[in-house]
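Student: Have a look at this one.
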Amino acid sequence: MVVEEIVKTDSSILKERQDFILHKQAGGCSGDGMRCDSDSVSGAVSQRACVYCGARVVLNPITDAFHIVHGPIGCASYTWDIRGSLTSKEDLYRNSFSTDLRETDIIFGGEKKLTAAIEEVMEKYNPKLVFIYATCIVGVIGDDVEAVCRTLSEKYGNHIIPVKSPGFSGNKSTGYRMACNAIMSLIGQYKTKEKVKGVNILGDFNLAGEMWIIKDYLKQIGVHVVSSFTGDSSYESLIAAPSASLNIVQCAGSSTYLAKQMEETMDIPFIKVSFFGVEDTTSSLIRIAEALGDEKARQKAIAFTESKAKEIQDLVERYKQNLIGKKAAIYVGGGFKAISLIRQFRSLGMETVVVGTQTGKKDDYEIIESLVKEDTVILDDANPAELETFMIEKKADILVGGVKERPLAYKLGIAFCDHNHERKHPLAGFEGVLNFVKEINSSINNPVWDYIKE
Ligand code: SF4
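UniProt numbering applies: residue 1 is where the sequence shown begins, and numbers increase by one.
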């Protein structure tokens, strides 16, 4: 059955969601476009996280900051435990602090409680950097979080930064923007015209140490890293960022907004990169050297990537034999990761039959559409019912997603690969390619699926 018929006849797909689902037509792009980058349809039970969660994704990896969640305790359950970015120094960020708003606070206001929480933190620990996240209920009762932060910043002379992230005030992308605004309000105070030849890495959160892999690659080709946003970062490293001469943006969904602001106000140009897959890692390293106008680094990048690709080639080839002809479904956060994954699957002889993202932009979907084959289903801001319908219809062998998609795949008897913030092994760089291929192979070819089918 073609997708248009499924959408029309399947009651599990809401009429209001039809514009967010695209069926790749014969002969290239369908030209119809699809809706994306907008708020979720009410009642659709989107897989997408709230504004506050989007902000926390970006800011939580700052290792020496206090992250205080101003709201009921439930919001604070979103912690380091499910966003396992690693640190080389401080580990304060692994704690979760909350003002634990209760009924009386909701009635009489939570500003006093927030003030007391910040004062306690300042007097006990005196951190240089504190982020205060406004959650849904704070947006409803109207606590003036900005005023509290301003007053206490003046009192203590430290950076106490409000993050305007009530969960209902938009979607996860709004949260990314709020986090970027919070970062800008800090680093904007350290603007400088004096630049060093080096890059800031934006949109990498050092999951399973991936930031360290990327930094090592850049070191190998002679490119200096000034700062990173925000994996394994600290107050001191962040404020050095305005002196960089180039920003490289890995997670475009979360950090392009920050890169654009830094370009406008600090005169730092940016390029988008991806370190997922041999193809994208290779081209990213070469493009970074080119953007810096560094011929020596470019030559080194070519030689380095050739030798790294050779190192893993035999093993990847061996696993590939088990995977050729299998079908993949992808549902991830941002468009750039989806694009890299389609390429990675293609290099393994696998076809992507369903692909979607939570926060993809029009440009991302145009690239996705140009990469996938005819009949592929492309979805924005999907819900479990849609993913289930199209994975079954397209006979996907594996789903690549995050923690929310894992149970869905297993219930359907479909293999799964976690490509989100909860994973414990790196999937970036050449090391990541090997881990990815091994995981895809062991999940797809696990004998458990035969027992389930029986
Ligand atoms: S901010 Fe709102 S939507 Fe987000 S976790 Fe808290 S209550 Fe839930």
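Idealized CB from N, CA, C, for every residue including glycine.
Looking at P166: is its Cβ nearer than 9 Å to the Cβ of Y52?
Tutor: Position 166 of the sequence shown, counted from the first residue, corresponds to residue 166. Position 52 of the sequence shown, counted from the first residue, corresponds to residue 52. Yes, these two residues count as a Cβ contact at 9 Å.
Student: If you draw a straight line from the C-alpha of E374 to the C-alpha of D314, how long is it?
Tutor: Here residue 374 is taken as the residue at index 374 of the sequence shown, counted from 1. Here residue 314 is taken as the residue at index 314 of the sequence shown, counted from 1. Taking the straight line from one Cα to the other gives about 31 Å.
Student: Tell me the residue span of the alpha helix (DSSP H) that contains L129.
Tutor: Position 129 of the sequence shown, counted from the first residue, corresponds to residue 129. It is not in any alpha helix (DSSP H) - L129 instead sits in the beta strand (DSSP E) that spans L129 to A134.
Student: What does a CB cutoff of less than 7 Å around I106 pick up in its chain, not counting 5 residues either side in sequence?
Tutor: Indexing the sequence shown from 1 puts residue 106 at position 106. These residues qualify, in order along the chain: I137 and I141.
Student: Going by DSSP, name the residue or residues bridged to L399.
Tutor: Reading the sequence shown from its first residue, position 399 is the one you call residue 399. BP columns for L399 point to A329 and F416.
Student: Please report the straight-line C-alpha distance between R94 and F205, rounded to a whole angstrom.
Tutor: If you number the sequence shown from 1, residue 94 lands on position 94. If you number the sequence shown from 1, residue 205 lands on position 205. Their backbone Cα atoms lie some 14 Å apart in a straight line.
Student: Write down the C-beta distance between residue 456 and F66 rounded to the nearest angstrom, noting that I regard them as a contact closer than 8 Å.
Tutor: Since the first and last residues shown for the chain are 1 and 454, residue 456 lies out of range.
Student: Would you say N247 and L202 are within 9 Å of each other, going by their C-beta atoms?
Tutor: The count along the sequence shown starts at 1 and reaches residue 247 at position 247. The count along the sequence shown starts at 1 and reaches residue 202 at position 202. The answer is yes: Cβ separation under 9 Å.
Student: Between which two residues does the alpha helix (DSSP H) harbouring K296 extend?
Tutor: On the sequence shown, residue 296 is found 296 positions in, with the first residue counted as 1. Where K296 is concerned, the enclosing alpha helix (DSSP H) stretches over E295 to L323.
Student: Taking only three categories from DSSP, how would you classify P162?
Tutor: The residue you call residue 162 lines up with position 162 of the sequence shown. Residue state, collapsed to three classes: strand.
Student: Name the residue from I239, Q220, S233 and E210 whose alpha carbon lies nearest to the alpha carbon of Y190.
Tutor: Residue numbering aside, residue 190 sits at position 190 when the sequence shown is read from its first letter. Comparing Cα-Cα distances from Y190 to each of I239, Q220, S233 and E210, the minimum goes to I239.
Student: Tell me where the alpha helix (DSSP H) around E351 begins and ends.
Tutor: Looking up residue 351 in the sequence shown gives position 351. First-last for E351: E351 to T357, but that is the beta strand (DSSP E), not the alpha helix (DSSP H).
Student: Just verifying my parser: in three-state terms, what is the DSSP assignment at K172?
Tutor: Taking the first residue of the sequence shown as 1, we reach residue 172 at position 172. It is helical.
Student: Are K215 and V226 closer than 9 Å when you measure CB to CB?
Tutor: As a first step, residue 215 must be located in the sequence shown, where it is residue number 215. As a first step, residue 226 must be located in the sequence shown, where it is residue number 226. Cβ distance not < 9 Å, so K215 and V226 don't count as in contact.
Student: Considering only heavy atoms of the ligand SF4, does any lie closer than 8 Å to the CB of T79?
Tutor: Mapped onto the sequence shown, residue 79 falls at position 79. False, no ligand heavy atom lies under 8 Å from that Cβ.
Student: Does the separation of the CB atoms of residue 456 and L387 fall below 9 Å?
Tutor: Since the displayed the chain opens at 1 and closes at 454, residue 456 lies outside it and no answer follows.
Student: Beta carbon of S12, beta carbon of T376: below 9 Å?
Tutor: If you number the sequence shown from 1, residue 12 lands on position 12. If you number the sequence shown from 1, residue 376 lands on position 376. No, Cβ-Cβ distance for S12 and T376 is not below 9 Å.
Student: Could you tell me whether the Cβ atoms of V45 and A385 are closer together than 9 Å?
Tutor: Taking the first residue of the sequence shown as 1, we reach residue 45 at position 45. Taking the first residue of the sequence shown as 1, we reach residue 385 at position 385. Going by C-beta atoms, V45 is nearer than 9 Å to A385.
Student: Given a threshold of 16 other Cβ atoms within 10 Å of its Cβ, counted over all protein chains shown, does P61 qualify as buried or as exposed?
Tutor: What you label residue 61 is simply residue 61 of the sequence shown in a count that begins at 1. Label assigned to P61: buried.
Student: Just checking, does the stretch 12 to 22 make contact with the stretch 338 to 352 on the three C-beta pairs under 8 Å criterion?
Tutor: Not touching, per the Cβ criterion.
Student: Decide if residue 467 is buried, meaning its Cβ has at least 16 other Cβ atoms within 10 Å, or exposed.
Tutor: The first residue shown for the chain is 1 and the last is 454, placing residue 467 beyond what the model contains.
Student: Distance, Cα to Cα, I73 vs S98?
Tutor: As a first step, residue 73 must be located in the sequence shown, where it is residue number 73. As a first step, residue 98 must be located in the sequence shown, where it is residue number 98. Cα to Cα, I73 sits roughly 6 Å from S98.
Student: By alpha-carbon positions, which one of K438, Y410 and F436 ends up nearest to Y451?
Tutor: In the sequence shown, the residue the question calls residue 451 occupies position 451. It is Y410 whose Cα lies nearest to the Cα of Y451.
Student: Nearest-angstrom Cα distance between K124 and Q250?
Tutor: Translated into the one-based positions of the sequence shown, residue 124 becomes position 124. Translated into the one-based positions of the sequence shown, residue 250 becomes position 250. When rounded, the distance between both Cα atoms is 36 Å.
Student: From which residue to which residue does the alpha helix (DSSP H) around D105 run?
Tutor: As a position in the sequence shown, residue 105 is number 105, starting the count at 1. From DSSP, the alpha helix (DSSP H) with D105 extends over E103 to F108.
Student: Can you give me the C-alpha to C-alpha distance between N126 and S88, rounded to a whole angstrom?
Tutor: Position 126 of the sequence shown, counted from the first residue, corresponds to residue 126. Position 88 of the sequence shown, counted from the first residue, corresponds to residue 88. Rounded to whole angstroms, N126 to S88 spans 21 Å at the Cα level.
Student: Between S42 and D81, what straight-line distance do the alpha-carbon atoms span, to the nearest angstrom?
Tutor: Your numbering for residue 42 matches position 42 in the sequence shown. Your numbering for residue 81 matches position 81 in the sequence shown. When rounded, the distance between both Cα atoms is 29 Å.
Student: According to DSSP, V377 sits in a beta bridge with which residue or residues?
Tutor: In the sequence shown, counting from the first residue as 1, residue 377 sits at position 377. According to DSSP, which records beta bridges pairwise, V377 is partnered with H23 and V354.
Student: Could you check whether the Cβ of P166 sits closer than 8 Å to any heavy atom belonging to the ligand SF4?
Tutor: Walking along the sequence shown from the start, residue 166 turns up at place 166. The answer is yes for P166.
Student: Considering only C-alpha positions, which residue in the set K326, M34 and H421 is nearest to N445?
Tutor: Here residue 445 corresponds to residue number 445 of the sequence shown, with the count starting at 1. Of K326, M34 and H421, the residue nearest in Cα terms is K326.
Student: Would you give the residue range spanned by the alpha helix (DSSP H) that T256 belongs to?
Tutor: Start at 1 with the first residue of the sequence shown, and residue 256 comes out as number 256. Run containing T256: A252 to M266, per the alpha helix (DSSP H) assignment.
Student: Can you tell me the Cα-Cα spacing of K193 and L258, whole angstroms?
Tutor: As a first step, residue 193 is located in the sequence shown; it is residue number 193 there, counting from the start. As a first step, residue 258 is located in the sequence shown; it is residue number 258 there, counting from the start. Taking the straight line joining both Cα atoms gives about 18 Å.
Student: Would you give the residue range spanned by the beta strand (DSSP E) that V199 belongs to?
Tutor: Residue 199 sits at position 199 when you count from the first residue of the sequence shown. Its beta strand (DSSP E) spans residues V199 to D204.
Student: Given a cut-off of 9 Å, decide if Y133 and G71 are closer than it, judged by their beta-carbon atoms.
Tutor: For the purposes of this step, residue 71 is taken as the residue at position 71 of the sequence shown. For the purposes of this step, residue 133 is taken as the residue at position 133 of the sequence shown. Yes, Cβ-Cβ distance for G71 and Y133 is below 9 Å.
Student: Strictly by DSSP, which residues pair up with S233?
Tutor: What you label residue 233 is simply residue 233 of the sequence shown in a count that begins at 1. In the DSSP output, where bridge partners are listed per residue, S233 has I62.
Student: So if DSSP puts F390 in a beta bridge, which residue, or which two residues, is it bridged to?
Tutor: Position 390 of the sequence shown, counting from 1, holds the residue named residue 390. None; F390 has no bridge partner.
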